[in-house]
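**Q** Residue numbering for the sequence shown follows this note's numbering, beginning at 469 and increasing consecutively.
No residue lacks a Cβ here, since even glycine has one placed at the ideal position from N, Cα and C.
I'd like to ask you about the structure that follows.
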Amino acid sequence: PDSCNLGTVNWFSHRSPLCALCPAAVCLGYMKCCFGFTELSLLESGDEVFIEMLQRGVAPEQCPERLKGLYWMQDNLANEVLVTFQDAYWQPATATAPFLGTKDLGLNFTRDPTCFGVWNGPPFSPITCPPVGCCPCLCLPCWAVAPCGSARSLPGCCLRRTPMTMVSSPDQRWIDIGTGNYIFIPTAGETLVAPGGEPVAFDAAQDLLRVSFYPEQGLSSINYQYRVRRVAHLSESGALVKTEAWDDLVANL
């Protein structure tokens, strides 16, 4: 809506400087405290951090094999970086949906340490139970603000945010994540090219593609897309295995 139009203000990107010098009551440090975030460095964190991420979930072994691993949302303009799927709650398959899951977007879903990245991250509102050591008065400015179009149950993030539902197509090539947003699952041998026809880094055997379009208009209505590349996964022994995409991720930092 027009009321949400911030014009040319750099508020959405990975390196947004918005609020970098804002008053202490709304600075990122307080936002992290109020919402209980943990900040990690991809360059400085050891393998154990990512192993822990890949072991989270009620029953991670129930995750479809094709979706297991740590994924990088490359080319995503929003300040969202890494995500996993095995921590989702995976339900029994049906005739029309070979796999069906719901994922808590506040868990194993990393965002940039920017104002919008932090505002877009809370899985629930801490209004009724602020973290120990946080002054509620300092958290009020954070609690009162929710980004335009956010998946909150109520403005101001008053209730637990809606989890992401993942419903696969019968042929397991598409995952519907709601409101015209999909994940495409390529098969080995398929290639991905840029608009000019040149190939781009993409491993069809393990990477995914996020696509947004209007279902009633078909793929000709695609309005947003980006690569979802698997950068790491666990070996049978539980060790962290990094893929070639990891090197591309580090190079983009």
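1. Can you tell me which of the three DSSP states F518 falls into?
2. Helix, strand or coil for D715, going by three-state DSSP, please let me know.
3. How would you call P623, buried or exposed, if buried means at least 16 neighbouring beta carbons within 10 angstroms?
4. Within 10 angstroms of the Cβ of Q559, are there 16 or more other Cβ atoms? Answer buried if so, exposed if not.
5. Am I right that C583 and S481 are in contact with their C-beta atoms under 8 Å? What's the rounded C-beta distance?
6. Using the Cβ count rule (16 or more neighbours within 10 Å means buried), how would you classify R620?
7. Considering only their Cβ atoms, is the gap separating Q554 from G574 smaller than 9 Å?
8. With a floor of 4 residues, list each alpha helix (DSSP H) that falls wholly inside the stretch 514-591, ordered by position along the chain.
9. Check whether the Cβ atoms of D644 and T633 sit closer than 9 Å, and answer yes or no.
10. I need the straight-line Cα distance from A719 to G664, nearest angstrom please.
11. Cα-Cα, which of G514, S509, Q640 is closest to V709?
12. Suppose contacts are defined by Cβ-Cβ distances below 9 Å. Is P638 in contact with P566 by that definition?
13. Using beta-carbon positions only, say whether E712 and A662 come within less than 9 Å of one another.
14. Check Q640 in the structure and name its three-state DSSP category.
15. For V635, which option in V696, N576, G569 has the closest C-alpha, if you only look at C-alpha atoms?
16. Out of Y557, V699, I519, which has the shortest C-alpha to C-alpha gap to V526?
17. Under a three-way DSSP split, which group does L677 fall into?
18. Any idea if W714 is buried or exposed, counting beta-carbon neighbours within 10 angstroms, 16 or more meaning buried?
19. In the DSSP assignment, find the unbroken beta strand (DSSP E) run with R695 in it and report its ends.
20. Looking at the unbroken beta strand (DSSP E) that takes in Y650, where does it start and where does it end?
21. With the cut-off set at 9 Å, would you say R697 and D675 are in Cβ contact?
22. DSSP on F480, reduced to helix/strand/coil?
**A** From the atom records:
1. One-based indexing of the sequence shown puts residue 518 at position 50. If DSSP states are grouped into helix, strand and coil, F518 belongs with the helices.
2. Within the sequence shown, the letter at position 247 stands for residue 715. D715 falls in the helix class under three-state DSSP.
3. Indexing the sequence shown from 1 puts residue 623 at position 155. Unreliable placement is indicated for P623, whose pLDDT of 36 sits below 50; the coordinate value is still reported in the next sentence. Burial call: exposed.
4. Within the sequence shown, residue 559 is the residue found at index 91, counting from 1. Exposed: under 16 other Cβ atoms inside 10 Å.
5. In the sequence shown, residue 583 corresponds to position 115, counting from 1. In the sequence shown, residue 481 corresponds to position 13, counting from 1. Not quite, the Cβ-Cβ distance comes to about 11 Å (not below 8 Å), so this is no contact.
6. The count along the sequence shown starts at 1 and reaches residue 620 at position 152. Low local confidence applies: a pLDDT of 35 at R620 is under 50, so the model's placement there is unreliable, with the coordinate-based value given in what follows. It counts as buried.
7. Counting from one through the sequence shown, the residue named residue 574 turns up at place 106. Counting from one through the sequence shown, the residue named residue 554 turns up at place 86. The answer is no: Cβ separation not under 9 Å.
8. 515-523, 583-587
9. By one-based count along the sequence shown, residue 644 stands at place 176. By one-based count along the sequence shown, residue 633 stands at place 165. For D644 and T633, yes; Cβs fall inside 9 Å.
10. Reading the sequence shown from its first residue, position 251 is the one you call residue 719. Reading the sequence shown from its first residue, position 196 is the one you call residue 664. Between A719 and G664, the C-alpha separation is close to 23 Å.
11. Numbered from its first residue, the sequence shown carries residue 709 at position 241. Answer by Cα proximity: G514.
12. The sequence position of residue 638 within the sequence shown is 170, counting from 1. The sequence position of residue 566 within the sequence shown is 98, counting from 1. Result yes, Cβ atoms of P638 and P566 sit closer than 9 Å.
13. Here residue 712 refers to the residue found at position 244 of the sequence shown. Here residue 662 refers to the residue found at position 194 of the sequence shown. It is not a contact, given that the beta carbons lie outside the stated cut-off.
14. As a first step, residue 640 is located in the sequence shown; it is residue number 172 there, counting from the start. DSSP places Q640 in coil when its eight states are reduced to three.
15. Counting from 1 along the sequence shown, the entry for residue 635 is found at position 167. Out of V696, N576, G569, G569 has the C-alpha closest to the C-alpha of V635.
16. Translated into positions along the sequence shown, residue 526 becomes position 58. Comparing Cα-Cα distances from V526 to each of Y557, V699, I519, the minimum goes to Y557.
17. Position 209 of the sequence shown, counted from the start, is the residue given in the question as residue 677. Strand at L677.
18. Taking the first residue of the sequence shown as position 1, residue 714 is located at position 246. Buried, because 16 or more other Cβ atoms sit within 10 Å of the Cβ of W714.
19. As a position in the sequence shown, residue 695 is number 227, starting the count at 1. Here the beta strand (DSSP E) through R695 covers 692-702.
20. Numbered from its first residue, the sequence shown carries residue 650 at position 182. First-last of the beta strand (DSSP E) with Y650: 649-652.
21. The residue you call residue 697 lines up with position 229 of the sequence shown. The residue you call residue 675 lines up with position 207 of the sequence shown. Yes.
22. What you label residue 480 is simply residue 12 of the sequence shown in a count that begins at 1. The answer is coil: DSSP assigns F480 none of H, G, I, E or B.
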